[in-house]
Amino acid sequence: MLYKSESFVVDFYKGNIAEFKFCMPGSVNKLSQQTLQECGKAFAELSQRDDIAAMVFTSDKDHFIIGADIFEFLPTFQRPEEELVGWIKSATDIFDAIEDLPFPTASAIDGLALGGGCEWLLATDYRIASQNAKIGLPEVKLGIMPGFGGTVRLPRIIGADNAMTWITTGKENRAADALKVGAVDGVVAKDKLVEAAVKTLEQAVAGKLDWRAKRQLKLDPLKLNRVEQGMSFAMAEGLVMGKTKGHYPAPVMAVRTIKAAANATRDEAMAIENANFAKLAKTAEAAAQTGIFLADQYIKGVAKKQAKQSSTEIKQAAVLGAGIMGGGIAYQSAYKGTPIVMKDINQAALDLGMNEAATLLGKKVERGHMKLDKMVGTLGKIKPTLNDADLAGSDIVVEAVVEHPQVKKTVLAGLEKQLPEGTILTSNTSTIRIDELAEALEKPEHFCGMHFFNPVPKMPLVEIIRGENTSDETVAAVVDYALKLGKSPIVVNDCPGFFVNRVLFPYFAGFSKLVVEGADFIKVDKVMENVFGWPMGPAYLLDVVGIDTANHCTGVMADGFPTRMARQDKDPVAVLANAERFGQKNQKGFYQYAPDRRGRLKKSKDADAVALLSSICDAATEFDKQTIIERCMVPMINEVLLCLQEGIVASPQEADMALIYGIGFPPFRGGAFRYLDQIGLANFVAMADKYAQLGEIYQVSEQTRQWATEGKVFYAVEGQ
């Protein structure tokens with residue numbers, strides 16, 4: 001035994017080639033501060049030995065290293081920036097020590113090597129990956145950038161352009177793709193991984209591979225002349241700014257860090273990375289994005305705990321209602337391994353649903369992410385049918401028929417009568433109260449809402465809506481099924497619109513009031529996208545949702561909240577719906593749409609829409625950006641607060657993740673409650689009070705006012 005700690009063991013593997021094996025407690029390897037300190041001590045000792053000719057780094061688990069322990073490192077970010085620079089330097093010194101070992105090194109990479117795990121293998125001389133390895137630097141998703149030498153070593157290994165793509169996107173890269181750009185030196189079968197890495201080291205020891213020259217590339221400045229540097233960095237920064245609209249400082253800082261270090265030695269470059277990492281770690285965006293990570297872990301923990309309480313095993317599912325939504329649900333279930341029956345009364349709808357599933361799977365085959373035989377097998381798990389009898393063996397049925405209460409009641413009542421006792425019934429309704437639908441059932445305890453978001457394969461959120469009579473077992477079983485689908489389920493209590501749509505429609509109402517008062521909806525969209533950070537402004541989002549759908553849902557919400565959400569006398573959405581301008585589905589709504597070269601619908605200004613709306617709108621009025629943001633956001637955030645106060649949603653974490661995953665609330669703001677913490681609840685109340693005369697959606701509750709007086713914050717420590 002050469003060295004042993006709680007996190008790793010070092011011993012000779014073959015001859016004088018040592019193996020440094022990670023064996024951290026738990027199911028995965030992740031870098032803690034203690035582990036890094038132990039590694040530093042080990043390298044100091046191992047570098048002095050004269051009996052080690054080379055060293056291979058391995059893992060005793062299915063993954064190499066999944067990254068740093070973010071839960072442990074986050075409190076460190078609370079330190080003053082100067083202290084943070086010193087702390088991060090002490091960590092990067094350990095990675096430098098790997099690179100400075102007096103013998104060649106190699107990483108044998110299986111499974112995930114992400115963040116600090118990726119930076120570890122970059123510090124070694126050679127990198128051999130198994131076919132199922134995935135390598136990446138996802139730090140920008142946390143509002144930070146690589147801090148253990150990633151911005152220094154990766155550009156020198158795979159080139160500045162490739163490195164900036166890896167770092168600014170935060171993507172996981174498959175082994176074959178990593179090999180193409182030179183991030184790894186070889187890809188082999190898993191059972192040959194360590195032997196292949198050791199063989200590489202034997203060649204280096206024998207002088208057949210020049211490991212010193214390979215290492216020197218990482219110690220020297222980038223091999224780019226000044227002209228190449230100018231073009232490369234200017235283009236990268238322009239692309240990042242275009243994509244992030246300046247809301248996300250991390251990818252921009254990463255590009256600027258690589259640029260600033262381009263002509264520096266490793267040690268000089270590392271000092272630049274240390275300083276810039278510390279600056280990023282102190283930003284509000286980093287606090288928000290790391291907060292999202294922690295909130296995501298929180299909702300996953302809640303869901304897993306709920307799922308464990310289920311005694312129902314869902315072996316067979318069914319979706320009633322095909323088409324795009326039904327096809328998406330069927331695809332997701334089959335792809336994740338649960339066979340599903342797709343039932344409709346219309347063969348054309350079944351064909352559309354199967355085509356949707358086949359198209360989604362076909363894209364995976366085209367991209368090399370799935371083999372053809374697996375695609376065929378997955379499609380075989382979907383049984384399209386016109387026959388009610390084929391539903392009999394299902395453990396859960398997702399009703400996804402037309403959004404009309406009487407139609408849904410009739411369908412659900414019929415299902416209950418023909419299905420075996422105990423079959424779980426769910427409705428994919430987006431706004432209709434679960435308790436209203438449950439009136440048609442004899443055993444409402446087996447019924448709840450299961451609200452998917454479109455497009456189903458891409459949207460992570462599923463709202464599980466508990467009715468007054470829904471049993472705990474039903475909720476637990478549906479949560480378990482949602483987890484098996486790879487979704488993030490959040491359980492909410494019943495009310496019109498549930499949580500997500502209940503808070504979305506006041507946002508739309510605030511927008512509509514602005515338009516009626518003479519605001520240019522195109523300018524409103526630009527402000528809400530470019531300044532506040534929504535992926536789509538309200539007019540564009542309404543077109544994507546469907547103007548007819550939004551118009552119908554507005555009526556449902558008005559019935560549910562007759563004083564606060566009453567339909568406006570002058571309603572732009574109703575005007576467009578009455579003119580059969582339904583949005584993207586018929587290529588005309590607030591905007592007009594036409595396919596681009598890739599077949600994607602591209603929006604453009606439509607004079608007909610402007611003329612149509614002029615009949616109900618005041619003369620054109622200029623609103624400043626802050627007023628536009630406040631007029632749109634106050635109603636939404638006010639409703640979010642009410643949902644927490646009424647117990648519709650259980651926690652700020654669940655509310656924020658539902659908004660981010662369900663409707664794209666700007667991640668750099670961290671969700672509505674984190675946004676409230678950043679601006680201050682008292683400031684929000686003052687902001688809302690400015691518009692109180694506009695109606696109930698702008699009027700805060702007494703509970704909110706009391707919380708503001710008390711100085712309430714929703715997240716006790718920033719970033720947690």
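Numbered according to full-length UniProt numbering, the sequence shown spans residues 1 to 720. Using N, Cα and C, we set each Cβ at its ideal position, and we do this for glycine too.
Tell me whether residue i sits in a helix, a strand or coil according to DSSP, three-state version.
i: residue 451; result: strand
i: residue 719; result: Unreliable positioning characterises residue 719 in this predicted model, as indicated by a pLDDT of 40, which lies under 50. The coordinate reading is nonetheless provided below. Reduced to three states, the DSSP call for residue 719 is coil.
i: residue 138; result: helix
i: residue 399; result: strand
i: residue 724; result: Because the chain in this structure spans residues 1 to 720, residue 724 falls outside the shown range and cannot be described.
i: residue 58; result: strand
i: residue 312; result: coil
i: residue 297; result: helix
i: residue 362; result: helix
i: residue 463; result: strand
i: residue 304; result: helix
i: residue 415; result: helix
i: residue 340; result: strand
i: residue 327; result: helix
i: residue 2; result: coil
i: residue 588; result: strand
i: residue 222; result: coil
i: residue 689; result: helix
i: residue 627; result: helix
i: residue 249; result: helix
i: residue 12; result: strand
i: residue 21; result: strand
Which whole-angstrom value describes the C-beta separation of residue i and residue j, a residue pair presumed to lie in contact below a C-beta threshold of 8 Å?
i: residue 496; j: residue 557; result: 6 Å
i: residue 158; j: residue 653; result: In fact, because the Cβ distance is near 37 Å, the residues do not count as touching under 8 Å.
i: residue 437; j: residue 427; result: 6 Å
i: residue 626; j: residue 703; result: Not confirmed; about 26 Å, so no contact.
i: residue 576; j: residue 637; result: With 8 Å as the limit, residue 576 and residue 637 do not qualify as a contact, their Cβ atoms being about 26 Å apart.
i: residue 116; j: residue 68; result: 4 Å
i: residue 104; j: residue 201; result: 6 Å
i: residue 526; j: residue 510; result: That pair is no contact at about 17 Å.
i: residue 170; j: residue 141; result: 5 Å
i: residue 701; j: residue 641; result: 7 Å
i: residue 457; j: residue 332; result: 6 Å
Tell me whether the beta-carbon of residue i lies closer than 8 Å to the beta-carbon of residue j.
i: residue 248; j: residue 197; result: no
i: residue 269; j: residue 167; result: no
i: residue 721; j: residue 63; result: No answer is possible for residue 721: it lies beyond the span of the chain, which begins at 1 and ends at 720.
i: residue 277; j: residue 88; result: yes
i: residue 343; j: residue 419; result: no
i: residue 651; j: residue 480; result: no
i: residue 674; j: residue 288; result: yes
i: residue 114; j: residue 156; result: no
i: residue 303; j: residue 143; result: no
i: residue 542; j: residue 579; result: no
i: residue 581; j: residue 547; result: yes
i: residue 508; j: residue 463; result: no
i: residue 639; j: residue 466; result: no
i: residue 81; j: residue 282; result: yes
i: residue 433; j: residue 494; result: yes
i: residue 312; j: residue 484; result: no
Based on Cα-Cα distance, which residue from the options lies nearest to residue i?
i: residue 360; options: 334, 389, 341, 584; result: 334
i: residue 744; options: 601, 596, 597; result: Absent from the model: residue 744. The displayed extent of the chain is 1 to 720, so no value can be given.
i: residue 489; options: 661, 561, 545, 391; result: 661
i: residue 357; options: 345, 346, 340; result: 340
i: residue 686; options: 282, 523, 709, 580; result: 709
i: residue 443; options: 376, 582, 469, 265; result: 469
i: residue 147; options: 684, 533, 280; result: 280
i: residue 619; options: 520, 693, 371, 97; result: 520
i: residue 517; options: 500, 327, 571, 584; result: 571
i: residue 401; options: 353, 382, 378, 366; result: 353
i: residue 697; options: 375, 568, 231; result: 568
i: residue 324; options: 349, 120, 95; result: 349
i: residue 160; options: 98, 7, 314, 256; result: 256
i: residue 70; options: 79, 31, 50, 44; result: 31
i: residue 151; options: 187, 264, 77, 273; result: 273
i: residue 43; options: 336, 227, 19, 27; result: 19
Exercise for the section: Enumerate, from N- to C-terminal direction, the unbroken alpha helix (DSSP H) stretches of 4 or more residues contained entirely within the stretch 508 to 578. Expected result: 521 to 526, 538 to 545, 547 to 560, 572 to 578
Practice task
Taking only runs that begin and end inside the stretch 110 to 198, name each unbroken beta strand (DSSP E) of 3 or more residues, in chain order.
Solution key: 112 to 114, 126 to 130, 134 to 136, 172 to 174, 186 to 188
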